[in-house]
Amino acid sequence: MAQFFLFDHPLIQHKISILRDKNTSTKEFRELVHEISMLMAYEVTRDLPLTEKVIETPVATTTAKVLAGKKVALVPILRAGLGMVDGMLAIIPSAKVGHIGLYRDPNTLKPVEYYCKLPEDITEREVIVLDPMLATGGSSSAAIQFLKDRGIKNIKFVCLISAPEGIERLQKDHPDVPVFCAAKDERLNDHAYIIPGLGDAGDRLFGTN
Ligand code: PRP
Ligand code: URA
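Just so we're aligned, residue 424 is where the sequence shown starts under the working numbering, counting upward by one.
Below, the structure written as C-alpha cells:
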C-alpha cells in the first residue's frame with residue numbers, strides 16, 4: 424500500500440478554504456496555490472539525505488549537516504500543475520523541471536497525452552509529480568506510468584485536493600509512489616468533479632472557462 428500523507432497544518436487548511444471559495448479571484452487563487460505548494464515542499468522533502476561537511480564559523484571549526492546532493496526534478500502535469508512549480512522551487516531552487524501535458528477527454532474522462540519534455544538526467548533524480556487535483560486518478564496514474572516507462576523509479580505525487588476514488592486508484596496502480604495532499608474530499612460527482620473541491624483548477628488558475 425502506498426504511503427499517504429494528509430497535511431493538517433492550520434496555515435494550509437486556511438489557505439485551502441480560501442482556494443475553494445468561488446469568489447476568490449484568479450490572482451488570489453494563483454498566489455494561494457504558490458503559497459500552499461511552498462508549505463507542502465517542506466514536508467515532501469523531509470527524507471532528503473544529509474551528509475556532513477567541515478566548515479569554519481567566525482569562531483570555530485565544526486562538522487555541519489548539508490544536503491547529500493540528491494537531485495530533484497519537478498514534473499507538473501499541464502496545465503494546472505504549473506501553478507505549483509514556483510512555490511516548490513522557492514524551497515528546492517536547484518530542482519530541474521520537466522513537463523507532461525495531459526487533458527481529460529470530456530466524453531471518456533480518460534487522460535490523453537499531448538506533451539512530454541523531461542530533463543536528460545531525470546532517471547538519476549527524485550521526481551516530484553505535481554497536480555492540484557486528484558479526481559478519478561486517471562491523469563496522475565497515466566503521468567506516473569509515462570515516467571516509469573522512461574525508467575524513472577523514485578517518484579512522489581503531490582496534490583492539493585483529492586477524492587477517495589483517486590487515492591484508491593493511485594494506491595492500486597502505483598503502490599510504490601507516496602501521495603501527499605492538503606485535503607481529502609468526500610466524493611466525485613457525475614462529471615468526475617471533486618465534491619466539494621474547488622471547481623476546475625486549470626480554469627481558476629489561468630482565468631479560462
Ligand atoms: C485536471 C487536473 C488533473 C485532472 C484530474 O486537469 O488538473 O490533471 O483534471 O482529474 P483525474 O484525476 O480524473 O484525471 P484537466 O484535464 O482539467 O486539464 P487542465 O489542467 O488543462 O485544465
Ligand atoms: N479536475 C479539476 O480541475 N477539478 C476537479 O474537481 C476534477 C478534475
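Backbone N, C-alpha and C fix where the C-beta goes; we use that ideal spot for every residue, glycine too.
Between the C-alpha atoms of P499 and P529 there is a straight-line separation of about 21 Å. DSSP places H432 in no alpha helix (DSSP H); its state is neither H nor E. By the Cβ test, the segment 557–564 is in contact with the segment 610–621, since at least three Cβ pairs between them sit closer than 8 Å.
A direct Cα-to-Cα measurement between Y537 and E475 gives close to 43 Å.
Residue F603 holds the alpha-carbon nearest to the alpha-carbon of I459 among I618, F603, G521. If you ignore the 5 residues before and after R443, its C-beta comes within less than 6 Å of the C-beta of L621, all in its own chain and listed in chain order. At a cut-off of 4 residues, the continuous stretches assigned as alpha helix (DSSP H) that sit fully inside the segment 508–539 are 508–514.
If you draw a straight line from the Cα of A496 to the Cα of T468, it comes to about 12 Å. For P499, the uninterrupted beta strand (DSSP E) run begins and ends at 495–501, by DSSP.
Runs of the alpha helix (DSSP H) lying entirely within the segment 560–601 and spanning at least 4 residues, in chain order: 561–572, 587–596. Residue range 484–490 is occupied by the beta strand (DSSP E) that includes K488, with no alpha helix (DSSP H) assigned at that position. Relative to G504, the option among G630, T631, G625 whose CA is nearest is G625. Residue state for A615 is assigned as coil, using DSSP reduced to three classes. Between the beta-carbon of S564 and that of D599 there is about 13 Å, and that puts the pair past the 8 Å contact cut.
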